[in-house]
Amino acid sequence: MIRPILIHPDPRLKKVCDPVAEITSEIRRLAEDMLETMYDAPGIGLAAPQVGVTKRLIVMDCIKEGPPEPIVLVNPQVIWGSEELSTYEEGCLSIPDQYADVKRPAEVQVRWTDLEGQPQERQFAGLWATCVQHEIDHLDGKLFIDYLGPLKRQMITRKMEKLKRERARTG
Ligand SMILES: [Zn+2]
Numbered sequence: 128m129i130r131p132i133l134i135h136p137d138p139r140l141k142k143v144c145d146p147v148a149e150i151t152s153e154i155r156r157l158a159e160d161m162l163e164t165m166y167d168a169p170g171i172g173l174a175a176p177q178v179g180v181t182k183r184l185i186v187m188d189c190i191k192e193g194p195p196e197p198i199v200l201v202n203p204q205v206i207w208g209s210e211e212l213s214t215y216e217e218g219c220l221s222i223p224d225q226y227a228d229v230k231r232p233a234e235v236q237v238r239w240t241d242l243e244g245q246p247q248e249r250q251f252a253g254l255w256a257t258c259v260q261h262e263i264d265h266l267d268g269k270l271f272i273d274y275l276g277p278l279k280r281q282m283i284t285r286k287m288e289k290l291k292r293e294r295a296r297t298g
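Under this note's numbering, the first residue of the sequence shown carries the number 128, and numbering increases by one thereafter.
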């Protein structure tokens, strides 16, 4: 089921999310819905708070061509980041049509729990590294525009407020 994606500014996007205590059928359904919502958007990553669920769960698939490679990360944690940084032009499904360069560690080691409740660990590089850091930021109430200067951030926030007013008017 496709769930509506919250648009910034929204208090639910600013919250520090709660850890997932147990993999229940509700959590499995949430992960499935989030993947469907992400592919439909389309996007390469989605965090639970973006569909209004303030729990520590993200989904990703950074494969642009070829068979899909969906992954679901429950309670993900960056346990190591490279000193080397890389810059990507980032966007966000909660901040439609706005893009800006963000600098982050080029490679990260991430630990998480999968939907079977098993611990997983993997090193991400390239677009995957940027995406996983962007999505984990969401779980701490942080958006990519928080890396920008205040003027740029305010400009984007005002555009989003306007977009939300327009959408509310047209339904
Ligand atoms: Zn985002």
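All residues carry an ideal CB built from backbone N, CA and C; glycine is no exception.
Excluding the 5 residues flanking it on each side, residue 133 has same chain C-beta neighbours closer than 8 Å at 139, 140, 176, 177, 178, 179 and 221, in chain order.
CA-CA distance, residue 283 to residue 293, rounds to 15 Å. With respect to residue 253, residue 232 sits apart: the two C-beta atoms are not nearer than 8 Å.
When the five nearest sequence neighbours on each side are left out, the beta carbons in the same chain lying within less than 8 Å of the beta carbon of residue 256 are those of 213, 231, 232, 233, 234 and 235, in order along the chain.
Taking the Cβ atoms as the reference, residue 242 lies roughly 6 Å from residue 158, within the contact range of under 8 Å.
Annotated three-state conformation of residue 241 is coil, per DSSP. Put simply, the backbone Cα of residue 281 is about 12 Å away from that of residue 225. Between residue 185 and residue 203, the C-beta gap is smaller than 8 Å, which places the two residues in contact. Counting along the chain, the unbroken alpha helix (DSSP H) around residue 295 starts and ends at 277-297.
Rounded to whole angstroms, residue 192 and residue 291 show a C-alpha spacing of 32 Å. Taking non-hydrogen atoms of ligand 1 into account, the C-beta of residue 258 is found less than 7 Å away from none of them. Within the segment 133-215, the alpha helix (DSSP H) runs of at least 4 residues that lie entirely inside it are, in chain order, 152-167. If you draw a 10 Å sphere on the C-beta of residue 260, you find 16 or more other C-beta atoms in it, and that means buried.
Here the alpha carbon of residue 145 sits roughly 21 Å from the alpha carbon of residue 248. For residue 219, the Cβ falls inside the 7 Å cut-off from some heavy atom of ligand 1. Taking a C-beta distance under 8 Å as the contact criterion, residue 154 and residue 244 do not qualify as a contact pair. The DSSP-derived three-state label of residue 233 is coil.
For residue 246, the enclosing beta strand (DSSP E) starts and ends at 246-252.
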